[in-house]
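Worksheet: one structure, shown below.
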Amino acid sequence: MTASPTDSAPTRFGVMGTGRITRRLVADLQSTDAVSVTAIASRSQERADWFASQYGIPAAVEGYQALLDRDDIDAVYLSLPPSLHSEWCVRAAEAGKHILCEKPLATSADQAHQIAQACERHGVRWLDATGWLHHRRTAEMRALASGGRLGRLGHITAAVSFYRPFQSGEHRLDPALGGGCLLDLGWYTAGLACYFAGRSPHRVFADCIEENGVPLRTNAMLWFDDDLTASFSCGYDTATRKWFEVAGSDASVICDDFTRPWAERPTRFWVHDANGEVQSHESSDRQEQRMIQALIGQQPLDEFNQLALRTQTVLDALAESARRKQPVVVECDVRPDAPSPSR
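At position 37 of the sequence shown (counting the first as 1) the number is 37 in the UniProt record's numbering, and the numbers step up by one without a gap.
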């Protein structure tokens, strides 16, 4: 079994994929202590060469398997289209590489569990690249919700959207590549509801406006035990939104930039109580670097892994609900025959 990364030597990352989001994460990797980026792979040598030259990466590789075969790679950052996540995460695990995979983890819960099982078998650590979960602010907000400051939780609502920043060949508009706002932006909204609820919903309903065979906008409702409900909107046809509210009987916690803090503004959230009083809180952090440090460190990743599997299961149910145009029951997200997530 491959040992977990340690502080004794830098963790050497290989990057799989050269999309737009890769550019931001490469910079985050390169600015994280005890991390280096040693190689990047693309389907074409020309594109890999260009990216490597632009970002100071020593090696440019044609083909993803060629990257996994290298002995100067300890971990991979995988930013391929969602339809390729399962195959290449499993291959990375088989090659003994730790995995940071862009969201969504996969295109189905079955695929997500296959990734988790492969990582368990081969003793590698894995995370979905959902940076906001690792921000110090996130733990502070959840502590308010779980610690009783909000009273009895009643409803969670969220909205994540942006308006059509698409390029030619955009995978988010291609159903064959796992496109659509539900798998993409719904990863944030459904995941947030499960994160604050601390469990899966037992029933969901979703309605989608489609374009090119993929959801362009999705509105959804989730029902949890103990009369807790959640609702969300996500899509590619409205202005940028990345806010949520967790409402309790005594107060609500509100954040207007939870997925990624607004640039050049304080990283903040608010507590609104039943009397109209508002408390503002600020909490600076570097969420992507903290996420990378979590992967290469020694802390258990069970909580993050379980949330990723839970989110994927809920997204399956939401997609089925949209197809059937009626509420559906959510399957159990912890399978009796599935190994626990890697530690």
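Backbone N, C-alpha and C define an ideal beta-carbon position, used for all residues, glycine too.
Just so we're clear, the structure is a prediction, and the values are computed from it rather than from any experiment.
Contact between the stretch 35-51 and the stretch 7-27 is established, with three or more Cβ pairs separated by less than 8 Å. In the assembly as shown, His202 is an exposed residue. Its beta-carbon has fewer than 16 other beta-carbons within 10 Å. Judged by DSSP in its simplified three-state form, Trp243 adopts strand.
Scanning its chain for C-beta atoms nearer than 7 Å, with the 5 sequence neighbours on each side dropped, one finds around His272 the residues Ala251, Ser252, Ile254 and Val278, in chain order.
Taking the CA atoms as reference points, Ala27 sits about 17 Å from Trp132.
With contacts defined as CB atoms closer than 7 Å, Leu177 and Ala308 fail to qualify as a contacting pair. Listed as beta-bridge partners of Pro215 by DSSP are Glu210.
A Cβ-Cβ distance of about 4 Å is found for the pair Ala206 and Ala322, placing them in contact under the 8 Å criterion.
A check of alpha carbon separations from Leu127 across Thr138, Ile115 and Arg137 identifies Ile115 as the nearest. Within the same chain, Cβ atoms closer than 7 Å to the Cβ of Arg137 are found at Thr267, Phe269, Ser283 and Asp285, the five residues on either side in sequence being excluded. Shortest Cα-Cα distance from Leu29 to any of Gln299, Pro327, Met291 and Val330 involves Met291.
Judged by DSSP secondary structure, Ile156 falls within the beta strand (DSSP E) whose first and last residues are Leu153 to Tyr163. When the alpha-carbon of Ala159 is set against those of Thr313, Ser233 and Thr11, the nearest one is in Ser233. Ranked by how close their Cα comes to the Cα of Trp243, the residues Ser53, Ala190, Leu144 and Leu315 have Ala190 in first place. A direct Cα-to-Cα measurement between Phe304 and Ala193 gives close to 14 Å. In this structure, DSSP gives Trp262 a state outside helix and strand, which the three-state scheme calls coil. Cβ-Cβ distances below 7 Å link Tyr64 to Met16, Ala41 and Trp88 in the same chain, with the five nearest sequence neighbours on each side left out; the list follows chain order.
Ranked by how close their Cα comes to the Cα of Arg125, the residues Thr240, Ala92 and Gly186 have Ala92 in first place. Apart from sequence neighbours up to five positions away, the residues of its chain that approach Gln289 with a beta-carbon distance below 7 Å are Asp28, Ser31 and Thr32, ordered along the chain. In this structure, the CA atom of Leu301 is about 34 Å from the CA atom of Trp50.
For His85 and Glu245, the gap between their C-alpha atoms comes out near 31 Å. Of Gly96, Cys119, Pro81 and Ala197, the smallest CA-CA separation from Phe13 is found for Gly96. Annotated as distal: Gln312 and His134, with beta-carbon spacing of 7 Å or more.
Rounded to whole angstroms, the separation of the alpha carbons of His171 and Thr18 is 13 Å.
In this model, Asp227 and Gly154 are separated by some 7 Å (Cα to Cα). Burial is judged here by how many other beta carbons sit within 10 angstroms of a residue's own beta carbon; Thr259 has at least 16 and is buried. Residue range Thr11 to Met16 is occupied by the beta strand (DSSP E) that includes Gly14.
Burial is judged here by how many other beta carbons sit within 10 angstroms of a residue's own beta carbon; Gly186 has at least 16 and is buried.
When only Cα atoms are considered, Arg324 and Ala274 end up about 39 Å apart.
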